[in-house]
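Trainee: Residue 126 in our numbering sits at position 123 of the sequence shown, and the numbers go up by one each step.
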Amino acid sequence: RRPAITTFIFLATFLTPFAVIPYVLSRRRISRLSNHLDQLVASNAVLRKTVSRSTYEASLWKEELSRVTSSLESSKKEIQLLRRDVSQTQIQHEAFQIATDTELQSLLAERKLDRFDLLPQLGLSLADIAAFMHEVELHQRLPSSATTDGHGVEKLRMLALRLQTPSTSKDE
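(1) Consult DSSP for Arg144 and reduce its assignment to one of helix, strand or coil.
(2) Helix or strand or just coil, what does DSSP make of Gly126?
(3) How many Å lie between Val27 and Ile33 at the Cα?
(4) What did DSSP end up calling Arg30 once you bin it into helix, strand or coil?
(5) May I have the straight-line CA-CA distance separating Thr168 from Ile94, to the nearest angstrom?
(6) On the criterion of 16 or more Cβ atoms from any shown chain inside 10 Å, does Ala7 qualify as buried, or is it exposed?
(7) Is it the case that the segment 90-109 contacts the segment 123-139, given that we only count it when at least three CB pairs across the two stretches are under 8 Å?
(8) Can you round the beta-carbon distance between Leu122 and Leu166 to whole angstroms, since I take them to be within the 8 Å contact cut?
(9) Nearest-angstrom Cα distance between Phe135 and Ser109?
(10) Using the three-state DSSP reduction, which class does Pro20 fall into: helix, strand or coil?
(11) State the CB to CB distance for the pair Ala133 and Arg160, rounded to an integer number of angstroms; the pair is presumed to be in contact (CB under 8 Å).
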């Protein structure tokens, strides 16, 4: 028989390459996978930070959006109230305008009537003034107004007669 050490060396020589070659290949593959895993961990950390930042920004935008939405709704309500107020003001203005126009028309009608009522009285007053001027001419012995009418007494009498005439045709 052979000694045990020779058998061990013989077996170790043939079996060592079968054990070492897969170990070296596995070790190389494990080293590559470890490096790849480290890269994935770093990428994952960056992605977590990015997602965290994006989530925070999204929450800020959501708050801003809710503030803007509520502001927009309140502005819409205010605009509706202002439109209603403008509409009421326009209606009140139109009613006031109609009332003012009606009252103005009635005042103008009254004034026309008053004016026409005062014309005969004005005619009488002018006739009195013409008579007074004629008497003054007679007392001061001025030339006769019938021929020259230097002071306009005849014109005044004619005007007084015209002013009195509408009242007689109106009364009849």
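No residue lacks a Cβ here, since even glycine has one placed at the ideal position from N, Cα and C.
Mentor: So, from the listed chains and residues:
(1) The residue you call residue 144 lines up with position 141 of the sequence shown. Of the three classes helix, strand and coil, the one that applies to Arg144 here is coil, per DSSP.
(2) Here residue 126 refers to the residue found at position 123 of the sequence shown. Looking at Gly126 - three-state DSSP - the assignment turns out to be helix.
(3) The residue you call residue 27 lines up with position 24 of the sequence shown. The residue you call residue 33 lines up with position 30 of the sequence shown. Their backbone Cα atoms lie some 10 Å apart in a straight line.
(4) If you number the sequence shown from 1, residue 30 lands on position 27. Here Arg30 sits in helix by DSSP.
(5) To locate residue 168, count along the sequence shown from 1; it is residue 165. To locate residue 94, count along the sequence shown from 1; it is residue 91. Each residue's alpha carbon lies about 47 Å from the other.
(6) Reading the sequence shown from its first residue, position 4 is the one you call residue 7. With a threshold of 16 other beta carbon atoms within 10 Å, Ala7 falls short and is exposed.
(7) In this structure the segment 123-139 does not touch the segment 90-109; the number of beta carbon pairs closer than 8 Å is below three.
(8) Indexing the sequence shown from 1 puts residue 122 at position 119. Indexing the sequence shown from 1 puts residue 166 at position 163. Sure, about 5 Å apart at Cβ, within 8 Å.
(9) Counting from 1 along the sequence shown, the entry for residue 135 is found at position 132. Counting from 1 along the sequence shown, the entry for residue 109 is found at position 106. In a straight line, the C-alpha of Phe135 is about 39 Å away from that of Ser109.
(10) Looking up residue 20 in the sequence shown gives position 17. The answer is helix: DSSP assigns Pro20 an H, G or I state.
(11) By one-based count along the sequence shown, residue 133 stands at place 130. By one-based count along the sequence shown, residue 160 stands at place 157. In this structure, Ala133 and Arg160 form a Cβ contact; the two beta carbons are roughly 5 Å apart against a cut-off of 8 Å.
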